[in-house]
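Using my numbering, the first residue of the sequence shown is number 73, and each one after it goes up by one.
Note that the Cβ used here is the ideal one computed from N, Cα and C, for glycine as well.
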Amino acid sequence: MPADDLTLAAYLRAVRGRLTPESLGLPGGGVRRVPGLRREELAVLGGVSVDYYTRLEQGREVSPGAAVLEGISDGLELEGDERAHLFALAGLVASPRLPRVATSVTPALGQLLDSWSTHPAFVIDPAHEVLAANALARAVYAPFGRLDNLVRMTFLDPTARHFHADWTRAADATVASVRAATAEFGSDPRLLRLIAEVNNASPEFAERWSTQRVRRKTTTAKQFEHAEVGRLEFDAHTFAVEGSPGLQLVVYGCEAGSATARALILLSMGTASTSTISE
73 MPADDLTLAA
83 YLRAVRGRLT
93 PESLGLPGGG
103 VRRVPGLRRE
113 ELAVLGGVSV
123 DYYTRLEQGR
133 EVSPGAAVLE
143 GISDGLELEG
153 DERAHLFALA
163 GLVASPRLPR
173 VATSVTPALG
183 QLLDSWSTHP
193 AFVIDPAHEV
203 LAANALARAV
213 YAPFGRLDNL
223 VRMTFLDPTA
233 RHFHADWTRA
243 ADATVASVRA
253 ATAEFGSDPR
263 LLRLIAEVNN
273 ASPEFAERWS
283 TQRVRRKTTT
293 AKQFEHAEVG
303 RLEFDAHTFA
313 VEGSPGLQLV
323 VYGCEAGSAT
333 ARALILLSMG
343 TASTSTISE
């Protein structure tokens, strides 16, 4: 094996050559004389100048900084071992990359949600966006008209003041849970937009956000005042969804034979299937 094959320059050329514009969401631009991305395209994706990237590929620049390599690895869509190898060729160690937040649930999880006919259940992302929910969960939250985002529902929908038996407690817990999500997913665009939006629109949210209280969702009691069936009392259990970074499965349980269990039977009589709420 030629020694030149083990250089940063050779690695960049090889990876660029195996990518297509279409795979990265770029226009194809017709017939190309050589396969792969053009240097100009990769430079734009990597956030560096064309001249600097050209010098990297030609071996005239051999000591790029970590920030440059981060941009290039993103542009080349390198993950795991390939990203680590890029850094190693430049004499650096790649810092741990925060996982990208999943934006949808798997079909298998959606089917599992639908199979639970006696337990309200739904899946949220770090921004507390409800990505999927079973029919019974939608029936429980029917007074809101839509089960979409737990933070907006709590602070921006007047229904919440009547729906939560103790709105203050629910509001405190919601903000603390969002704050906890920022520790691991603080760079997630959806989470950042959600915080900015609700912080600006709700003084109650802004006041709580400033206290810096943190509490992850685990197991907690929930009490709702449902317009159709009255008081609902649940133990809410929250689980991380393995293989889907940032997603959490929330399941509501109640005591068998309780008033809540009977109310759920009434709510289930008119519910339909199909768990997916949003993309």
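Straight-line gap, residue i to residue j (C-alpha atoms, nearest Å)
i, j, result
"GLU269", "VAL323", "27 Å"
"ALA252", "VAL286", "5 Å"
"ARG210", "ALA255", "29 Å"
"ALA299", "ARG218", "15 Å"
"SER350", "ALA82", "Note that SER350 scores a pLDDT of 42, beneath 50, so its modelled location is shaky; the value from the coordinates is reported in the next line. Approximately 43 Å, taken between the alpha carbons."
"VAL122", "GLU154", "22 Å"
"PRO136", "LEU80", "10 Å"
"ALA328", "PHE306", "11 Å"
"ALA242", "PHE216", "15 Å"
"GLY302", "PHE296", "8 Å"
"LEU96", "ALA115", "13 Å"
"ARG88", "GLY325", "52 Å"
"PHE277", "LEU263", "15 Å"
"ALA75", "PRO261", "Residue placement at ALA75 is poorly supported in this model, since its pLDDT is 42, which falls under 50; the coordinates still yield a value, given next. Distance between the alpha carbons of ALA75 and PRO261: 42 Å."
"LEU150", "ARG288", "31 Å"
"PRO230", "ASP146", "42 Å"
"ASP238", "ASN272", "23 Å"
"SER176", "ARG85", "34 Å"
"THR291", "SER249", "12 Å"
"VAL247", "SER282", "10 Å"
"LYS294", "HIS234", "14 Å"
"GLN183", "GLU314", "16 Å"
Sequence-distant residues of the same chain with beta carbon closer than 8 Å to residue i, five excluded per side
i, result
"LEU208", "TRP188, SER189, THR190, HIS191, PRO192, ALA193, LEU336, LEU339, SER340, THR343"
"ASP244", "ARG280, ARG285"
"SER330", "GLU305"
"PRO179", "none"
Residue range of the alpha helix (DSSP H) that includes residue i
i, result
"THR226", "222 to 228"
"ARG303", "No alpha helix (DSSP H) contains ARG303, which is instead part of the beta strand (DSSP E) from 302 to 312."
"ALA209", "207 to 212"
"PHE29", "Residue numbering for the chain in the displayed model covers 73 to 351; residue 29 lies beyond these limits and cannot be assessed."
"ALA255", "239 to 257"
"VAL120", "First-last for VAL120: undefined, no H or E at that position."
"THR79", "Unbroken run through THR79: none, as it is neither H nor E."
"HIS157", "152 to 161"
Limits of the unbroken beta strand (DSSP E) element including residue i
i, result
"LEU321", "320 to 325"
"ALA297", "First, the residue type needs correcting, since residue 297 is Glu and not Ala in the sequence shown. Start and end: 291 to 298."
"VAL286", "Element bounds for VAL286: n/a, residue is neither H nor E."
"PHE235", "Where PHE235 is concerned, there is no enclosing beta strand (DSSP E), although the alpha helix (DSSP H) it sits in stretches over 231 to 235."
"ALA193", "193 to 196"
Expected contact under 8 Å - CB spacing of residue i and residue j to nearest Å
i, j, result
"THR240", "ALA232", "In fact, because the Cβ distance is near 11 Å, the residues do not count as touching under 8 Å."
"GLY118", "ARG90", "No, GLY118 and ARG90 are not in contact; Cβ-Cβ is about 16 Å, not under 8 Å."
"ALA205", "LEU185", "7 Å"
"VAL223", "LEU266", "6 Å"
"ARG111", "GLU129", "7 Å"
Chain-order list of residues whose beta-carbon lies under 6 Å from that of residue i (same chain, five-residue window excluded)
i, result
"TYR213", "LEU219"
"GLU201", "ASN221"
"ARG127", "GLU133"
"LEU148", "VAL87"
"ALA333", "CYS326"
"ILE144", "GLY118"
"ILE196", "VAL202, GLN320"
"HIS309", "THR291, VAL323"
"LEU161", "LEU80, TYR83"
Beta-carbon proximity list for residue i, same chain, < 7 Å, skipping 5 on both sides
i, result
"ALA156", "ALA166"
"SER164", "Note that residue 164 corresponds to Leu in the displayed sequence, not to Ser. Closer than 7 Å at Cβ, skipping near neighbours: ALA138, LEU141."
"SER274", "PHE227, LEU228"
"GLY131", "THR79, ALA81"
"ALA312", "GLN320"
"TYR124", "GLU133"
"PHE159", "LEU141, VAL165, ALA166"
Chain C within 9 Å of residue i, Cβ atoms only
i, result
"ALA268", "The structure shown has no chain C; it contains just one protein chain."
- Item | Cβ pair count under 8 Å reaching 3, the segment 304 to 319 against the segment 165 to 177 | yes
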